[in-house]
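Per the numbering used here, residue 6 is the first one in the sequence shown, and the count goes up by one each step.
Using N, Cα and C, we set each Cβ at its ideal position, and we do this for glycine too.
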Amino acid sequence: MSTFSWQGASGRWYSFEVARSKRAWEPVGGVYMFVKPGDYPTYEAGGPICLYIAKTDSFAEALQRHDVWGAAQALGAAEIHLLPVEDPRRRAEIEQDIFRSHTPVLSRQQVRPPSLAAGAPPQPYRGFGFRAAG
């Protein structure tokens with residue numbers, strides 16, 4: 006079994022198991038990532054890239070047919086990194102710590118601004134060049 010350690014925004018390191026082939030997933034909870042491998046063994050062109058991160062109550066249920074895996078493979082993902090974590094609160098903390106450090110491209114769409122999370126209606130787009138009337 007190979008492992009890879011990821012550093013969160015807090016500075017804490019987390020050691021994930023690296024799965025490179027399809028297998029029977031364990032029915033345990035934890036944090037998982039879809040990863041584009043780095044330039045092994047030298048990492049001259051950079052290390053692995055986390056494309057997606059999530060937490061789950063069961064790797065078996067979450068990874069059996071994941072709807073993001075196809076998009077991750079299209080971006081070069083060939084590994085799934087797994088970190089079993091029993092406590093649901095701890096899982097959420099680890100997921101957010103690593104997300105803040107690596108900002109995986111396929112996970113960004115799941116981030117909700119505080120206004121949406123609180124149930125406020127979405128605000129109109131005020132992108133480049135927007136000027137308020139007045």
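- In this structure, residue 99 sits near residue 90, with a CB-CB distance shorter than 8 Å.
- Annotation: the continuous alpha helix (DSSP H) that includes residue 106 extends over 93-107.
- Residue 52 is positioned such that its CB atom lies no closer than 8 Å to that of residue 87.
- Assigned with DSSP and collapsed to three states, residue 75 falls in helix.
- According to the DSSP assignment, residue 22 belongs to the beta strand (DSSP E) that extends over 18-24.
- One thing to note: residue 67 has its Cβ no nearer than 8 Å to the Cβ of residue 19.
- Nearest Cα to residue 97 within the set 75, 25, 32 and 59: 59.
- Each of 39, 43, 108 and 15 was checked against the Cα of residue 76, and the nearest Cα belongs to 39.
- Residue 59: member of the beta strand (DSSP E) spanning 54-61, first to last residue.
- Shown here for residue 83: same chain residues with a beta carbon closer than 6 Å to its own, the five before and five after excluded, namely 42 in chain order.
- Counting along the chain, the unbroken beta strand (DSSP E) around residue 88 starts and ends at 84-89.
- According to the DSSP secondary-structure assignment, residue 35 is paired through a beta bridge with 61 and 89.
- Counting other Cβ atoms within 10 Å of its Cβ, residue 56 reaches 16 or more and is therefore classed as buried.
- In the DSSP annotation of this structure, the continuous segment of the beta strand (DSSP E) that includes residue 7 starts and ends at 7-12.
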